[in-house]
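Enquirer: The structure that follows is given in the form of structure tokens.
Residue numbers (this note's numbering), protein chains in the order written: chain A, 1 to 477; chain B, 478 to 761.
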């Protein structure tokens, strides 16, 4: 079930009504209902994989429970190990099994040795990377005595499968989301309004920005041999906005839907394309994943507390793992590696903690430098996205080689009967709207709130792409 | 919610009005824009194998007879029937009709292009309404839900197209002629496949076209446009000849690969050769 579908509109209308009217006074019934609704939401895609979520839920609930009761460190380590092996085992099998088999066979065949190992046709369960990381954070936090284990199985199961963020995040921490299932939720008009605004803005980002960009991106990337330098550059820029609109749009809708149910989810994107260096970009892009890796991988590895060499190693590890988390393909690994390379100079010159404030450009030298930095950072990010989007790593290099060597900058007419530059007009308006609302969640504030809201709804209706239904990109992760 | 419904109604009215008054940007609109009692000597119906093959202006130059190419990419016999019905409904006088038939005889389906280009007229043209009722799975949604047809077919009749229509942006196609040339030469290994081995028992659209032509005194001729040499056609064409007595076979009429853009489509040079063949063999 997709947020941008009529089915979801009907589904959520029913959930909202039942949740706030017949079940309003009973928090336990509300939680049971949320759990059922979440399973229906997930099962709509493929009911067979509900068993995976259920299994993961049972394992982590009992691991958490025994961790809470156990005092001996060795046993606690064993329990944590069981949780990690089960979660990472499931993730590894469903997501990486074929990748490792194929890479292994390829490696031997490069050396002239024929190895006969069979890959298995495995369907990747939607959102497995997201809910696995969410449940793992629970057991790790219980192990670290950061949180108390929950005694309510229903609350825990509802936390793991909470439908607004089940399939594409934000990846919530148990310390933040789980206690909310134990508190009485009260319908608050202002929260509901802000949630509705986020849903509208998220839909705009997905249906208008991401899906429009996708029509250009698909034709440019699929036919990159016949594109000139300008079209290839635009292809990279369009994909940057496609993935941003797609993923941050999903997060906005998830946060908005949760607010309408009385829950608070953490911010996942904070205007990342206005970042002035790569470190700032990573503080603002997919925040829930970046902070997960920081807390559960980077810091346990030693973080930046050791020597410079150790810190550099840790940075490369988390970027490589982050790339690998996105998918079993060398394109993702290289994308992560490229970001680690971008990060390296900041680390060496101790500049990675710069720009912790919100950007504001003024008409002076400092403003000019910041503006140039924003554009430079965006171009670096867009370049890396080429690896993320390309089908193979060879395609990505060929794409970039053609971009550099072709050197023709005429405006091409694409096979989708549009000029390659056409989407720039829409993107300029979007960047403009984001720039003036970068200290807020959405552009719906102040005196022009209703006007902007109306204009956005009109744009969703009139400019939205509906004829070719596009799934959210991050569902595949 | 009420304001959104009102907005949808308003947009629906606006888009429909723009398309009703627009300068034609597709062949459906062009047919609807033809004057009542306009006289056409020769009309060609078919898919891209007519649109890219028949140079109407060449026929007009050589014969002095008014000729129209209504070939449309992906069109099937159902779409050709609707075009003919719209012409007849509009009281356009046709002397001779030529319908391109090949493997499409086996299909009683329609093209999505013609379907979506007809949607703006769903409520004010009874012929189109009947056609869509028959071919459109979403007919009721398109008919009753305001703006639904424009949203779900945004690629063809959405915002970009309505703006182009509103500012009378001319199409690249000259509809007075209707011919769209293809450039390039087919690849050496471009010969792919052949016509099917079996043929459908009958085709309701052919029966309907025959009936309309008979009722309106139109002489109808079916023909098969050329395929490249090497493309297997013989057994199917024989069966087609048996089904359609007034059928002219051009499937092997052009042997030179240099005149094809791909195995099923002539290039511009090939189209000129084929048009001259048509003039000769069909006594135009």
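Heads up, the beta-carbon is just placed ideally off N, CA and C, and yes, glycines get one too. Owing to the predicted nature of the structure, the values given are computational and were not obtained by experimental measurement.
Establish whether the CB of residue 5 of chain A and some CB of chain B are separated by less than 9 angstroms.
Expert: no
Enquirer: Can you tell which of A/261, A/54, A/25 has the C-alpha that lies nearest to the C-alpha of residue 154 of chain A?
Expert: A/54
Enquirer: Of all Cβ atoms in chain B, is any one closer than 9 angstroms to the Cβ of residue 196 of chain A?
Expert: It does not; no Cβ of chain B falls within 9 angstroms.
Enquirer: Could you say which of A/172, A/125, A/304, A/382 lies nearest to residue 52 of chain A if we only look at CA atoms?
Expert: With respect to the C-alpha of residue 52 of chain A, the residue from A/172, A/125, A/304, A/382 having the closest C-alpha is A/125.
Enquirer: Please determine if the segment 733 to 742 of chain B and the segment 654 to 671 of chain B are in contact, where contact requires at least 3 C-beta pairs separated by less than 8 angstroms.
Expert: yes
Enquirer: Quick check: residue 322 of chain A and residue 339 of chain A, are their CB atoms within less than 9 angstroms of each other?
Expert: yes
Enquirer: Given a cut-off of 9 angstroms, decide if residue 383 of chain A and residue 210 of chain A are closer than it, judged by their beta-carbon atoms.
Expert: no
Enquirer: Quick check: what's the CA-CA separation for residue 248 of chain A versus residue 268 of chain A?
Expert: Answer to the nearest angstrom: the Cα atoms are 7 angstroms apart.
Enquirer: Could you give the residue range of the alpha helix (DSSP H) that holds residue 594 of chain B?
Expert: 589 to 595
Enquirer: First and last residue of the alpha helix (DSSP H) that includes residue 141 of chain A?
Expert: For residue 141 of chain A, the uninterrupted alpha helix (DSSP H) run begins and ends at 128 to 143, by DSSP.
Enquirer: Please list the terminal residues of the continuous alpha helix (DSSP H) segment that includes residue 99 of chain A.
Expert: Following the DSSP letters along the chain, one finds residue 99 of chain A inside the alpha helix (DSSP H) bounded by residues 97 to 110.
Enquirer: Could you tell me whether any Cβ in chain A is nearer than 9 angstroms to the Cβ of residue 619 of chain B?
Expert: no
Enquirer: Can you tell me whether residue 640 of chain B is buried or exposed? The criterion is at least 16 other CB atoms within 10 Å of its CB, across all chains shown.
Expert: exposed
Enquirer: Looking only at its chain, what residues have a beta carbon closer than 7 angstroms to the beta carbon of residue 142 of chain A, apart from the 5 residues adjacent to it on each side?
Expert: 64, 67, 68, 149
Enquirer: Applying the 10 Å Cβ sphere with the 16-neighbour rule, what's the burial state of residue 189 of chain A?
Expert: Of the other Cβ atoms in all chains shown, fewer than 16 fall within 10 Å of the Cβ of residue 189 of chain A; this residue is therefore exposed.
Enquirer: What does a CB cutoff of less than 7 angstroms around residue 513 of chain B pick up in its chain, not counting 5 residues either side in sequence?
Expert: 567, 568
Enquirer: Report buried or exposed for residue 227 of chain A, applying the criterion of at least 16 other Cβ atoms within 10 angstroms of its Cβ.
Expert: buried
Enquirer: How should residue 386 of chain A be labelled, buried or exposed, when 16 other C-beta atoms within 10 angstroms of its C-beta is the threshold for buried?
Expert: buried
Enquirer: Could you say which of A/139, A/314, A/196, A/345 lies nearest to residue 453 of chain A if we only look at CA atoms?
Expert: A/196
Enquirer: From B/659, B/595, B/522, B/613, pick the residue whose C-alpha is nearest to that of residue 578 of chain B; which is it?
Expert: B/522
Enquirer: Helix, strand or coil for residue 57 of chain A, going by three-state DSSP, please let me know.
Expert: helix
Enquirer: For chain A, check one thing: does any of its Cβ atoms lie closer than 9 angstroms to the Cβ of residue 542 of chain B?
Expert: No, residue 542 of chain B lies away from the interface with chain A (no Cβ there is under 9 angstroms from its Cβ).
Enquirer: Out of B/517, B/515, B/549, which one is the CA nearest neighbour of residue 527 of chain B?
Expert: B/549
Enquirer: Taking Cβ to Cβ, would you say residue 738 of chain B is nearer than 9 angstroms to residue 659 of chain B?
Expert: Judged by their CB atoms, residue 738 of chain B and residue 659 of chain B are nearer to each other than the 9 angstroms cut-off.
Enquirer: Please compile the residues from chain B whose C-beta is within a distance smaller than 7 angstroms of the C-beta of residue 463 of chain A.
Expert: 636
Enquirer: Check each candidate in A/411, A/281, A/392, A/404 and name the one with the smallest Cα separation from residue 376 of chain A.
Expert: A/281
Enquirer: For residue 573 of chain B, name the three-state secondary structure that DSSP assigns.
Expert: strand
Enquirer: Taking the beta carbon of residue 225 of chain A as the centre, do at least 16 other beta carbons fall within 10 Å, making it buried, or is it exposed?
Expert: exposed
Enquirer: Can you find at least 3 beta carbon pairs, one from the segment 685 to 700 of chain B and one from the segment 555 to 566 of chain B, that sit closer than 8 angstroms?
Expert: Yes: at least three Cβ pairs fall under 8 angstroms.
Enquirer: Could you compute how far the alpha carbon of residue 147 of chain A sits from the alpha carbon of residue 133 of chain A?
Expert: It is roughly 16 angstroms from the alpha-carbon of residue 147 of chain A to the alpha-carbon of residue 133 of chain A.
Enquirer: Taking residue 486 of chain B as part of the alpha helix (DSSP H), name the residues at either end of that continuous run.
Expert: 479 to 497
Enquirer: Within a Cβ cutoff of 7 angstroms, which residues of the same chain sit near residue 94 of chain A, ignoring the five residues on either side of it in sequence?
Expert: 122, 124, 125, 128
Enquirer: With a threshold of 9 angstroms between beta-carbons, can residue 630 of chain B be considered close to chain A, or not?
Expert: yes
Enquirer: If we count the other Cβ atoms within 10 Å of its Cβ and call it buried at 16 or more, is residue 488 of chain B buried or exposed?
Expert: buried
Enquirer: Is there at least one Cβ from chain A nearer than 9 angstroms to residue 727 of chain B's Cβ?
Expert: no
Enquirer: Considering only the beta carbon of each residue, do residue 599 of chain B and residue 605 of chain B sit closer than 9 angstroms?
Expert: yes
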